[in-house]
Structure formats: structure tokens, C-alpha cells
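Colleague: Chains as they are written, first to last, in full-length UniProt numbering: chain D, 1 to 338; chain H, 1 to 338.
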DNA sequence: TAATTAGACTAAAACGTTTTAGTGAAACTT
DNA sequence: AAGTTTCACTAAAACGTTTTAGTCTAATTA
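Here is the structure:
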């Protein structure tokens, strides 16, 4: 494919009667260039179909105009990949609009021995979006040093060149609880994620805040800490109904746990939403297909991707916004009375 | 990130006491290089952590060692992206193992005016995997010219530098029909995809073949042509049961259509699998979550990605395998009697 | 013994950019 | 009138590779 390469900057220069450097400067928005010259250059470039080679640019320039997206290890049995895919596409589309090339780094954990910053250099990346990184992960610690631009999903670090993108979990939880309160529930159980996830703490805050605002006394035995998986949702229901047999509403911190909970509730002979109402968190594609269709707090995964790209590119270019918090949305379906 | 760039080929050359070209030749597997020298070079490279710059290489070399994956336009409402994601990851992982960098081309249709071959040059790609390409698509016609290495999913072109990857649809359909026959069904309906999709024809062949093999007379009014969507699955059931009220088994050419069919059957008061057994095709993540859990012909999406990468890299390197057909697998769940 | 070939290596050009360090002319200052 | 500044531009080096066209020595052949 490289044989008779494309139109190069030289062709544009020749045709415009200027030097190669002038064309380069025009394309890179330098100021010391005559307006007419600049326009002529752009017109000619357009005409002959010139596109700067990202490879050549990356080799010479400070910035390669390439960013990476590193994704959690692949698991054959994980049913949430449509969510990941939407993040990915949002990230890609925005990045490509801004002239960045996106390089996918699969199986990051394979490289655990080497330093993350080394990998970024090897790949000529200006920055990286880390999604699904575990807090225990070695790369996580390296990222924290803030040596290079880096965006994290659901992990609220905002120091140095590190950015953070996530959904407002306090608000998300509140939306769910408010809905239950409106429907007259007093005994609202909460199946949370594990305690060392930031979002779990946030969702817990939202749960507390909403209950307090509505003068419902908080009962910690109505809270169960799972690990976001379907199995832990089932476990949560067993445990909670062991403690209280009159729970009438459940808020789960992930759709997967909500789905597990529903399965377990059905097994116990409970009708949903008549006996128990339930609201999840995420809005997986799955959630609209289970029976009953799951009401949930929607995170806009596509927008998460777009925001991550926005943030990362800003960080690379030295700007100082370093977090984007997205609005959650309550989606009412069949697991609640509406 | 580019400031104090990495270890380069020069560092290796200096330390090994040879010229840069020798190191390059060693790394590219040239033969006219002494075995000891080669080994010394590799050892030193390993020691000081040398990794060839893919950018520099791509600029100079015939091949850039970069391949693209172009994906169907993003649709917010499409529920099958976990399937796409698995293809993607399979493709990525294999390509990266073989030393290829993968470039994601989102929204290919945005570029419709320009020639595909032009795009590949602009991006310095050695080849591309096109997934979800419509037959009506302009790029499809361009791909067919075979000017550059290119792999298609589910579209059986095998000429020139074009490769084809897919699941054996004849066999897949047979698996489903054989199961129904074994369970004693005679009136087996078929909700197929649209007639101009290759896989629809294959699945139809499989359907015919299996019926004939089992001495069941073929009744064309038991066949409905949908368009792979959920809605057309519903429509299919309405239409088919209008024609025959005693259908006891349905094979659908996509899980989405099977899901639509199930919804419609439930609405009609049919019990699944007691009144009607149903088998889909694909095995989406969704399918294990609907009620009843869908029995289906599984396509291994991860393997599809791996196979596409394998094929593409072979085509680029001038080898002549140009198709990989994967084995389907019958997955029995709750929509059939097992 | 002279000529050829094989083996192991190298110098330098090339790829398409960006960037550094200017240049020359025109327009201002003093 | 001499010096300074601004404007618009450029030549050439640099980025890290691969590749072309050798070179030099030693071994083989005629």
C-alpha cells in the first residue's frame, strides 16, 4: 500500500509556489503566515487531496497525535461488553474528529512487567484512557504518578495530568430512592458494590442523603455489599430477606446485580414489581430484554467515551479541566410501578 | 511523550559495535548476517529494552505493519454490540501478537466520497477488515476490485486479495433442524434473513437439506423472509401462524428475530417450549438472559475476529488461503425440549 | 595464479513531516 | 539616517527506521 504513496506536503508546496515549511506552518496554525498564502495553500491541499501523514508527523513532532485506549482483560463470560463497545466508539469518534489516531491496547496486563510510561513511548502515544483498571493493578500506581496524560473511568483522581470521567453516582442513587419514596416505600434495601470502589461510596452517600431528606430512618442492615456481579445480586437478596422479610424495594448498584436479584426474588415466589420494586444502575443492553424489563439509572456509555477523549486531549494540550461528570437518567421500565 | 524518546536502533548498534543497518537487517530476518552477530544484537536489544518504532518503520518500509478495522455505523439502539466487541477484541489480540498495529476506522460511511484505497493510503494501512458492510455500500464495490488486501465478514468473495470469514451456515441450520426432527417435529417453520444476504441462502440450503434427509416434505409457506431484526421476527410469527396454526418448531436465522418471535408467541398465548420450540442463530449475550433462555446456533465471535486477522495478515504477506469457515455449535437452553 | 563468488557487513539516501535558526524586505523609531 | 522591529517566508536538520548499492575479506573455481 505504500508503493506510490499519497500526495505529500511537497506536492502542495510546489503547486503553491512556497516552501515545504510554509505549508507545514499553515497546517499547524502558525501566525506568521500571510492570510492569502494560507488560504491558497488550503485550497490547493483540498484540490489535490493532501492529508498529512500521521506517521511522519508523529516521528518528528513533539506530539504524535495518537492516543491509546487500554481495556480490561477480555473475559468470555462477561455479558457487559456492549457497554464497553459504546464507550469505545464514543472515544474513537470524538478523537478522530479532533485529528487523533486511536490505538487499542488490549490485554494490558500482559505487559505488567514493563513500565506504563515505557509502553506509551514505544507506541508513540500522547496519552491514554484506562478503562476497567483495578485499584490493585500495578499500572494504576504508575498512572497515579501523573507523568503523562491519562484519563480514568470511575476512579476520581484529578491531580497532575490525570483526568476523571464518570456518572454522578450520588445523583443517580438519589433518583432511584426518590422514586421509591414517591411510591410510598419505607423499607428500601440497597445492594451496593464492593466497599473499595469509589462509585460504591458515592452511591451509598446518595442512598443515605435521599432517605434522610425524606425522613426515613437509616437502617444499615438494609444494606448489602456485593461485587457488581450477578451472583452477588442473588446473594444479596438471600441475605437481605433473611434479615428483613418485608423489604418492598431494592436499589442495586449495577444492572447485573439487579438481574441476579430479580432471579432470586422470582425463585422466592415474589412478584415484581407488585411485591418488590427494583431499580438497577448502568442500563446495559441486557436490561431491556430480561423479564420484567429492568428499570434502571442509565449511564450514557457513548458519552462516557466522548468525554474521556475530550478530557484526554485537553490534558495533552495543557488545559486544566480534569474531570467530566455526566448526568444519570432514571429509566422506568417494568421492574417498578410507574 | 516524545521528548526523551526511547532506546533507538542507534543505541543497539553502538552497543553491539555494528552499523545501524546490520541491526535493522537482524530484526527483519535477513539471511546475510552472522549467527553470532544476530544473537548478540538480540541480546543487547533485550537488555536495553529496544522496540522498533512502528512509526519510523511505517514511513520507510513497504509495509507499515498496520491494519484497519472498519465497523458499521454506530446505532444507539442496536443491542448486538457485545458480539461486535468480541470480534474486535479477537482481531486486536491476534494482530498485536503478530506485530501489527490496529487502527479503528469508525463511521466509514462519513468518507463515502473518497476512494477506499485512498483512505488506506492516508492511514498507511496494509489492509483492512470490513465488518457490517452493506452490499449496497459504495466501499463494497471498491473492495471488490481487489486492489488491496481486505477481509469481509459473511460476504463470500474469495478473489484476488479479498478474504472471507464466516460461520458454516449450512451446518448451523442443519444442527437446528436435526434437533427438531429428533424431537419429533414435522411442521418446522423458518424465519430467514433477507434474500440478498449470502448467509440467508446458506441457512435456507441447510434447512432444505436437513428436511430432505429426514424425508420431510418441503412446504415453502413455512418459510418467512425477515431482515434479521427483532421486529421482523414478530412479523414472521404473525404471518406464519396465519398460514399454519399448527407450527410446533421455529428456526430463526438470527437471535434477534428469535427473540421477536418469542415475544409474539407469548402474546398469542403459546408456551415455549411446550407448544412451540424455537432455535435462534448467533448466540448474543442477550440470548441467555431472556425468558425463556434462547437455544441457539452459536457463532464464536471472538474467533471470527481472530480468523479475520489471520486471513488478512496472510493476504498481506502474499499467502493464498483466503477463507476461514468456522464451526457452528448448537447451544441448548430453555426454548427447546432437550 | 588470476578471476569469481560468497559471506558479512556498511554508508548513505530515503520516507514525510516539524522545527530551529535564520533571511531579506518593509515599516516603524529615535 | 541609522537602528530596530515586524512580517512573511525559507533552508536544512532532525525524527528512527529500511533499503539500495556498495565494500572488503576469504573462500572457491577455472
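Ideal Cβ placement from N, Cα and C applies to all residues, glycine included. In this text, all values refer to a predicted model and were calculated from it rather than measured experimentally.
#1: Quick one: which chain D residues come within Cβ less than 8 Å of residue 6(H)?
#2: What's the call for residue 17(D), buried or exposed, on a 16-neighbour Cβ count within 10 Å?
#3: Are three or more beta carbon pairs between the stretch 79-93 of chain H and the stretch 292-303 of chain H nearer than 8 Å?
#4: Pick from 107(D), 52(D), 251(D), 148(D): whose alpha carbon is nearest that of residue 133(D)?
#5: In three-state DSSP terms, what is residue 223(H)?
#6: Secondary structure at residue 145(D), three-state DSSP: helix, strand or coil?
#7: Here's a check: name, in chain order, each residue in its chain whose Cβ is nearer than 7 Å to the Cβ of residue 308(H), leaving out the five neighbours to either side.
#8: Give me the Cα-Cα distance between residue 176(D) and residue 331(H), rounded to the nearest whole angstrom.
#9: Quick one: does residue 100(H) have its CB under 8 Å from some CB of chain D?
#10: Any C-beta of chain D within less than 8 Å: which residues of the stretch 280-293 of chain H qualify?
#11: Verify the CB distance criterion: does residue 271(D) have a CB-CB separation below 8 Å to chain H?
#12: Closest Cβ-Cβ distance between residue 84(H) and chain D: below 8 Å?
#13: Please list, in chain order, the chain D residues whose beta carbon lies closer than 7 Å to that of residue 256(H).
#14: Between the Cα of residue 131(D) and the Cα atoms of 115(D), 86(D), 117(D), 172(D), which residue gives the shortest distance?
#15: Which residues in the same chain have their Cβ closer than 7 Å to the Cβ of residue 263(H), if we skip the five residues on either side of it in sequence?
#16: Identify whether residue 255(D) lies in helix, strand or coil by the three-state DSSP scheme.
#17: According to the neighbour-count rule (16 or more other Cβ atoms, all chains shown, within 10 Å of its Cβ), is residue 268(H) buried or exposed?
#18: Per DSSP, which one or two residues make a beta bridge with residue 101(D)?
#19: Short of 8 Å Cβ to Cβ, which residues in the stretch 54-67 of chain D face chain H?
#20: Can you list, in chain order, the residues of its chain with a C-beta nearer than 8 Å to that of residue 227(H)? Leave out the 5 residues immediately preceding and following it.
#21: Residues of chain D with CB closer than 7 Å to the CB of residue 89(H), please, in chain order.
#22: Select from 71(H), 287(H), 38(H) the residue whose C-alpha is nearest the C-alpha of residue 297(H).
#23: For residue 295(D), name the three-state secondary structure that DSSP assigns.
#24: Going by other Cβ atoms of all chains shown within 10 Å of its Cβ, with 16 needed for buried, is residue 221(H) buried or exposed?
#25: Are the C-beta of residue 92(H) and some C-beta of chain D separated by less than 8 Å?
#26: The alpha helix (DSSP H) with residue 235(H) in it runs from where to where?
#27: Using a threshold of 8 Å, state whether the C-beta atoms of residue 103(H) and residue 49(H) are closer than that.
#28: Would a C-beta distance cut-off of 8 Å place residue 327(D) and residue 168(D) closer than the cut-off?
#29: Can you name the residues that DSSP bridges to residue 167(D)?
#30: Using only CA atoms, which one of 96(D), 65(D), 109(D), 52(D) lies nearest to residue 74(D)?
#31: Confirm the yes/no value for this check: CB of residue 140(D), any heavy atom of the ligand PLP, distance under 7 Å.
#32: Starting from the beta carbon of residue 96(D), find every residue of chain H whose beta carbon is closer than 7 Å, and list them in chain order.
#33: So which of 160(D), 180(D), 156(D) has the shortest CA-CA distance to residue 145(D)?
#34: Enumerate, from N- to C-terminal direction, the unbroken alpha helix (DSSP H) stretches of 4 or more residues contained entirely within the stretch 169-216 of chain D.
#35: At what residues does the beta strand (DSSP E) containing residue 7(H) begin and finish?
#36: Quick check: the Cα distance between residue 246(H) and residue 202(H), rounded to an integer number of angstroms?
Modeller: Walking through what the data contain:
#1: Here the neighbours are 118, 121, 122.
#2: exposed
#3: yes
#4: 107(D)
#5: Here residue 223(H) sits in strand by DSSP.
#6: Here residue 145(D) sits in coil by DSSP.
#7: 91, 129, 151, 153, 165
#8: 37 Å
#9: no
#10: 285, 286, 288, 289, 290, 291
#11: no
#12: At least one chain D Cβ lies under 8 Å of residue 84(H).
#13: Those do not exist, as residue 256(H) stays about 10 Å from chain D at its closest Cβ, beyond 7 Å.
#14: 86(D)
#15: So the list reads 234, once near-sequence residues are dropped.
#16: helix
#17: exposed
#18: 66(D)
#19: 54, 55, 56, 58, 59, 61, 62, 63, 64
#20: 193, 194
#21: 74, 106
#22: 287(H)
#23: strand
#24: exposed
#25: yes
#26: 230-243
#27: no
#28: yes
#29: BP columns for residue 167(D) point to 326(D).
#30: 109(D)
#31: As for the ligand PLP, it is missing from this structure, which has no ligand bound.
#32: 106
#33: 160(D)
#34: 169-182, 198-213
#35: That residue, residue 7(H), is in no beta strand (DSSP E); it is neither H nor E in DSSP.
#36: 26 Å
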